[in-house]
Amino acid sequence: MSFKPSDLYLLAPEISVMLLALVVMAVDLFTKKRIVIAAISLVGLIVPAAFTIAQAITFSGTKTAFFGMLVVDQYSLFFQVIFLIIAAVIVLASYDYIGKYVHADGEFYALLLFSVVGMMFMASTGELITIYIALELTSFPLYVMAGLIRSDTKSSEAAVKYVLLGAMSSAILLYGFALLYGLTGTTDLQGLAQTFKGFSNGNLMVIVADVLIIAGFGFKISAVPFHMWAPDIYEGAPTPATAFFSVGSKAAGFAALIRVLIYGGLWQVDLVPLVVVLSIVAALTMTLGNFVAAVQTNIKRMMAYSSIAQAGYILVGVVGTLSMAPKSPAAAATGIAAVLFFILVYVVTNLGAFSGIIALANLTGGEKIDDFRGLWKRAPLLSVGTALCLLSLAGIPPVAGFFSKVFIFTAAWQLGQQWLVVVALLNSIVSIVYYGRVIKVMFFDEPQKEGRLVTSMSLATSITLASASLLVLTVIVQLVLNAANPAAFHLFASLTGR
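Counting in this note's numbering, the sequence shown runs without a single skipped number right up to 1886 at its last residue.
Right, here's the structure in full:
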């Protein structure tokens, strides 16, 4: 497999985002007008979006380049669309907050875009070392973003904690990759999949490698017991950065974890221990996330534990997929399709909820749940949009979050994980308590102060887009699933000879 100049087209989305980040840095040297920098960041995303959509329309099957290190298929393109949506909404939602609290316009937007490049590579990489490099490219900007409020000790503390725990998790993940290389003699995921076909069960080193990989990626997706970083860092970091961590880091972590486990064929050896470990992690993640979120008073800490719980729901779908993979890859692929749909809905919903939190911070400086008291009387649009997103996170019909939970729980049930689905349903009931508490405070409590609050145009736009997207997703559920199905099937295609 040799390099061809035409392979550069496969890299076009990533290259265009990287160039956009460099342009933002250059423009920041000559002007400090936030409107110019934000506009370039937002409008510039049209180019990678166009490349991604063009590839999604014109490509069929799986395209590989750079000696198999780059894999462009419907799966990677699905996640690239998600990452570009995240970048666009964060640019919109962060505009006023950055000017008021961060005072580092070019730095914030450039770091955001560099991290998005790493996330895009995490979804479209078919080689272990490249996955690790993509993970570091994703993580380094996040560490800096966490500490951008230089006058706030909590922000500095969040950055230091993030760096230390992130370095530890990266080392653990790299050790797991090293064990896989030692066992198979290759770092290529397809090479791993082919080699594992000849392995027999009971290989202790494979089990150890699986556990280390789950631990390494578990940090990125904030799964229990690797979640300890999330609450403090979510609380201390600038709120737009927190929103970015909650959706971008999690989506990228799941994109890479699923590709390694399935495309890399790890499910072919010692599947029972792998499923048991992931099942325990999923159950603990859902339970701890929901029960601890229910007692929080700070909205960002509550959303941190909510994010942990959502990771547990996604893991339920992953466990169901892995357990069914040896018997029926086609049936298992439906589980991944449900996971992809859930991630998309979660991203849109969480971005909308955090847009509301950012708006409150801009208008009142508050981050406590009590600061939302009577918000309906002071900012009706903000209240309705935030409430809609919280209802979606809770899985209340008829919003899209309800359908995403129905699909992922139904898929897991049909794939043999009934007990996990029961645990997930019980936890979903618990989640209604703390999401409902915020809604109750907004609509039924008296406001602490009188007077209308005027939401900025950029935040109003982001909240409106997120709310409208939830309503549209509710209507076009089947169309989104039709897009997710080929993305899921491509992960199994090379292993099933299709």
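Yeah, the Cβ is synthetic: ideal placement off N, Cα and C, and Gly gets one too.
CA-to-CA distance, residue j to residue i, given in whole angstroms
i	j	result
E1623	N1738	16 Å
L1345	Q1656	Summary: the structure shown does not reach residue 1345, with the chain confined to residues 1389 through 1886, and so no result is reported for it.
P1717	A1726	14 Å
I1817	G1824	11 Å
M1897	T1440	In this structure the chain extends from 1389 to 1886, so residue 1897 is not present and cannot be described.
G1723	L1571	29 Å
M1830	G1762	5 Å
T1685	S1819	15 Å
S1588	W1801	28 Å
Y1485	A1848	13 Å
P1786	I1650	33 Å
I1746	A1481	7 Å
A1369	T1862	For the chain, the structure presents residues 1389 to 1886; residue 1369 sits outside this window and is missing.
H1491	T1583	52 Å
Contacting residues, own chain, Cβ-Cβ under 7 Å from residue i (five flanking each side not counted)
i	result
F1467	A1511, A1639 and A1643
G1564	A1597, L1600, I1601 and G1604
Y1489	I1537 and P1626
V1706	I1646, L1666 and V1727
V1821	A1682
F1790	G1783 and I1784
K1542	E1623 and G1624
M1413	G1494 and A1498
Per-residue burial, residue i [other beta carbons within 10 Å of its own, 16 or more giving buried]
i	result
R1538	exposed
T1419	exposed
V1704	buried
G1885	At G1885 the pLDDT is 45, less than 50, meaning the model places this residue with poor confidence; the figure from the coordinates comes in the next sentence. So G1885 ends up on the exposed side.
F1607	buried
G1573	exposed
W1807	exposed
D1758	exposed
I1434	exposed
P1619	buried
E1402	buried
F1632	buried
L1398	buried
S1866	Checking the sequence shown, residue 1866 turns out to be Gln, not Ser. The residue is exposed, with fewer than 16 neighbouring Cβ atoms inside 10 Å.
N1870	exposed
V1648	buried
Closest by C-alpha distance to residue i, when choosing among the options
i	options	result
P1613	V1599, A1625 and P1626	V1599
R1840	D1484, A1492 and K1765	K1765
S1743	G1773, G1753, T1722 and I1757	G1773
F1730	A1872, T1518 and I1425	A1872
A1625	A1534, S1855, V1821 and V1635	A1534
A1721	A1800, V1811 and F1880	F1880
P1874	F1455, V1460 and G1456	V1460
V1680	V1669, V1810, A1697 and V1865	A1697
L1553	Q1805, A1719 and W1617	W1617
S1780	Y1734, S1610 and V1809	Y1734
A1692	T1852, T1630, L1417 and D1395	T1630
P1835	T1752, V1809 and S1448	T1752
D1540	I1621, S1634 and T1583	I1621
A1741	V1505, D1833, V1635 and A1492	V1635
P1714	A1767, K1585 and L1676	K1585
Proximal residues to residue i (C-beta, below 6 Å), its chain only, five neighbours per side dropped
i	result
L1859	none
A1409	A1498, L1501 and F1502
I1595	D1658 and P1661
S1544	G1535
Y1569	T1575
Within 8 Å, strictly: CB atoms of residue i and residue j
i	j	result
K1837	E1755	no
G1652	L1728	no
L1472	P1436	yes
Y1550	L1530	yes
V1405	M1508	yes
I1519	T1513	yes
S1846	N1750	no
S1558	E1524	yes
A1854	C1777	yes
I1521	T1575	no
G1804	G1708	yes
A1694	S1610	Ala is not the amino acid found at residue 1694; the sequence shown has Ser there. Not in contact: S1694 and S1610 (Cβ atoms no closer than 8 Å).
V1504	A1475	yes
S1857	V1736	yes
V1826	F1760	yes
L1430	V1469	no
V1810	A1671	no
A1442	L1465	no
Cut-off 8 Å between Cβ atoms - residues of its own chain near residue i, not counting five sequence neighbours on either side
i	result
T1798	A1726
V1415	V1424, I1425, I1428 and G1494
A1719	M1712, Q1802 and L1803
Residue i beta carbon near the ligand ATP (any heavy atom closer than 7 Å)
i	result
A1426	With respect to the ligand ATP, the structure offers nothing, as it holds no ligand at all.
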